[in-house]
Amino acid sequence: MLTIYGGSTYNATKVLFTAEELGVPYDYVHLNFVAGEHKSPAHLARHPLGKIPAIEHNGNYLFESASLCRYLANISDKRLYSADALAAAQIDQMVDMICHHVGRWLAVYFYQEIVMMKYYNKGPDEKAIAEAKGFLEQQLPFLEKTLSTQQFLCGNEITLADTIALPYFHALEATSLKFDVYPAIQRWYSEAKARPAFQRALAKMPA
Ligand SMILES: N[C@@H](CCC(=O)N[C@@H](CS)C(=O)NCC(=O)O)C(=O)O
48 MLTIYGGSTY NATKVLFTAE ELGVPYDYVH LNFVAGEHKS PAHLARHPLG
98 KIPAIEHNGN YLFESASLCR YLANISDKRL YSADALAAAQ IDQMVDMICH
148 HVGRWLAVYF YQEIVMMKYY NKGPDEKAIA EAKGFLEQQL PFLEKTLSTQ
198 QFLCGNEITL ADTIALPYFH ALEATSLKFD VYPAIQRWYS EAKARPAFQR
248 ALAKMPA
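The numbering of the sequence shown is this note's numbering, which starts it at 48 and goes up by one.
Rendered as structure tokens:
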């Protein structure tokens, strides 16, 4: 049996969206950050840093959202991934680029404009936003070019790259970052967001 431990963040949404696309049966446990449930002894046994997401599968604990998504694909006949070494590496490189570069800078907007206000009652650090804006202006044109010739990030079939990337973009809906100059990214975003699996993933989380 699979249990996903999450909270209201894009890292947990990646795992729920991937599980929903794959049709893997799971239970979902939503941890309350404000109550500190992610730092409880029970959760520290699942994730040594006391973070979400984490999973329990057949008595084993695993963490790190992209690794969790890859694991779910591997136990599902590599759907959303590939048994071919080159195709798998191309998906991995897009996933790593999203997590370490584009997603990292998108997350700055989410953290500065949403989390700081909601949890610390503080406005955004404009220097941090300016730095993120500069990096995104270098990096988003690559995604725009990629998505202008294919439906998804790694071709014309949905892969882990899309289930991992989409939640970052979704988290930005309430921020000041707009994608008007990136029509292909906007097309990909609205099509992927409308997928029933993504909507089912969102429905698992309290607002
Ligand atoms: N690289 C990790 C990041 C996990 C992470 O930082 N999770 C955040 C929520 S998005 C968290 O649990 N923060 C609470 C804390 O660090 O105390 C992943 O992708 O799973």
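For each residue, glycine too, the CB sits at the ideal point set by N, CA and C.
Per-residue DSSP class, three states only, for residue i
| i | result |
| --- | --- |
| H94 | coil |
| A241 | coil |
| T50 | strand |
| G202 | strand |
| E220 | coil |
| Y166 | helix |
| N79 | coil |
| D172 | coil |
| N121 | helix |
| D227 | coil |
| I211 | helix |
| N107 | strand |
Spatially closest choice to residue i from the options, by CA coordinates
| i | options | result |
| --- | --- | --- |
| M252 | T50, A59 and L49 | A59 |
| L194 | I232, A248 and Q186 | I232 |
| D227 | E184, K98, A244 and A132 | E184 |
| Y108 | L219, M48 and G202 | M48 |
| E191 | P72, G97 and P230 | P230 |
| F80 | C201, F157, G54 and P243 | G54 |
Own chain partners of residue i with C-beta closer than 8 Å, once the 5 adjacent residues on each side are dropped
| i | result |
| --- | --- |
| E160 | P171, I176, A221, T222 and S223 |
| A120 | T65, L69, R126, L127, Y128 and L207 |
| Q197 | N203 |
Exposure of residue i, with buried meaning 16 or more beta-carbon neighbours within 10 Å
| i | result |
| --- | --- |
| S87 | exposed |
| S114 | exposed |
| A257 | The chain is shown from 48 up to 254; residue 257 falls before or after that span and cannot be answered. |
| P214 | buried |
| M141 | buried |
| Y166 | exposed |
| I256 | This structure does not reach residue 256, given that the chain is present from 48 up to 254, and the question cannot be answered. |
CB contact flag (residue i, residue j, <9 Å)
| i | j | result |
| --- | --- | --- |
| C116 | V62 | yes |
| L207 | I138 | yes |
| I99 | H85 | yes |
| H104 | Y52 | no |
| D74 | T50 | yes |
| L219 | L153 | yes |
Close beta carbons around residue i, own chain, < 6 Å, minus the five adjacent residues each side
| i | result |
| --- | --- |
| N168 | none |
Residues near residue i in its chain [Cβ-Cβ closer than 7 Å; skip 5 each side]
| i | result |
| --- | --- |
| T210 | K61, F64, T65, E68, C116 and L127 |
| A248 | T60, L63, F64 and E67 |
| Y118 | L109 |
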